[in-house]
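When the sequence shown is numbered by the numbering used here, its final residue is 337 and no position is left out of the sequence of numbers. Everything on this sheet refers to the single structure shown next.
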Amino acid sequence: MTSFPAAVRPPRSAVDLDRLVARLRERQPRAVGRAISIVEAGGAAQAELVRRVFPATGRARTVGITGPPGAGKSTLVDRLAAAARARGETVGILCIDPTSPYSGGALLGDRIRMQGLATDPGVFIRSMATRGALGGLARSTRDAVDLLDAAGFDWVLVETVGVGQDEVDVVSSVDTVLVVAVPGLGDDIQALKAGILEIADVFVLNKADREGADRAYRDLASVLSLGDHDAESWLPPIVRTVASRDEGIGEVAAAIDRHRAWLGEGERLAERRRSQLRLRVETILKERMLAAAREEAGLESEVARGFVERADPYTLADQLFRGVVAAESGRETGR
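Pasting the structure below:
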């Protein structure tokens, strides 16, 4: 079922929020869609909503799908979701799209790309706009993954904007990363080896019926051979697919299953999720500190003054930090 972003009406009370969370846990599409709209809008409602659902997270298989434009990522997502449905599993899909410079909304639109899944009650599809976020992921993507996880979807698939090496941000949201390549990339594969290729848990060589598929496979294998691997490490497999004809999709699903099983050995999955949590906390702290510097310590006026006085950036940052701490201490004293 496809969710259409709509104007956000924040919950008016704790009871309102409790009702929304209860309906989300029942996987009611309108509730899931509204919850995602709330986290996209940001603010206090976003934080409180995530607090409520977070204890119910950690069960879904979360998978990121990334790669260059034209690699067939949307078709692959569509076929993976269909394969999961054939196994009786439910799927939540987040399509991270470029932001319209005029409306701020997602430009591409999942409804165009995944028409076959749009009416399946076991599938939820939602576009999210990047809003200029680095790494190709919307700022609220991590929270949206939590919402779909808490809603009880067996799989959460995150398809990212195909803009190349900035896609490394996808690892902060998912357990398994698929990097999709196609024949004809040539030197691009070598150029990507220091960036997007290094985050792959599974390589998918899509459109493998094209001329140059064998060379592309060898190029990917060559990049893999440069990495440091031992008996304990995960060696990303390369899976050939022709997603438009459903070829190789079962092998991709099996590779995801194997990676999940490998993560489940020892503390690997816990360590990955611990790292994800740390990154999220750091991001929130940075955003809140910057907001406090603007609102409490007069960031703009201090920078303007410092520019006139030729103050260095470190001194200005120290002054702003002390201003934020002093403002927070004053609030604590007044409570």
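Heads up, the beta-carbon is just placed ideally off N, CA and C, and yes, glycines get one too.
Simplified DSSP state of Thr317, which is helix, strand or coil: helix
Environment of Gln279 [buried if 16+ CB atoms lie within 10 Å]: It is Leu, not Gln, that sits at residue 279 in the sequence shown. So Leu279 counts as exposed.
The stretch 258-265 touching the stretch 280-294, judged by at least three CB pairs closer than 8 Å: no
Every unbroken beta strand (DSSP E) within the stretch 17-101, with a cutoff of 3 residues, ordered by chain: 63-68 and 93-99
Closest Cα partner of Asp259 within the set Arg32, Thr64, Val41 and Phe56: Thr64
8 Å Cβ cutoff met for Val326 and Glu298: yes
C-alpha distance - Val310 paired with Gln48, whole-angstrom precision: 39 Å
7 Å CB neighbourhood of Glu91 in its chain, flanking five on each side removed: Asp156 and Trp157
Length of the line joining the Cα atoms of Gln167 and Gly332: Note that Gln167 scores a pLDDT of 47, beneath 50, so its modelled location is shaky; the value from the coordinates is reported in the next line. Between Gln167 and Gly332, the C-alpha separation is close to 44 Å.
Beta-carbon gap between Leu180 and Ala146 smaller than 8 Å: no
Three-way DSSP call (helix, strand, coil) for Val176 in this model: coil
Residue of Ala245, Leu149 and Ile38 minimising C-alpha distance to Ala210: Ala245
Short Cβ contact (8 Å threshold) for Val55 with Leu26: yes
Inter-residue spacing [alpha-carbon to alpha-carbon] between Ala223 and Asp151: 34 Å
Chain D contact for Asp156 (CB, 8 Å cutoff): Checking the listed chains, one finds no chain D in this structure; it contains a single protein chain.
Val160 and Lys75 closer than 8 Å at C-beta: no
Of the residues Glu42, Pro123, Ala131 and Glu273, the one placed nearest Glu28, counting alpha carbons only: Pro123
Pairwise C-alpha distance: Ala120 and Phe126: 8 Å
Close beta carbons around Ala86, own chain, < 6 Å, minus the five adjacent residues each side: Val93 and Trp157
For Ala131, the three-state DSSP class (helix, strand or coil): strand
CA-to-CA distance, Ala319 to Asp99, given in whole angstroms: 34 Å
Cutoff 6 Å; reference Val184; Cβ partners in own chain excluding five residues on either side: Ala73, Asn208 and Lys209
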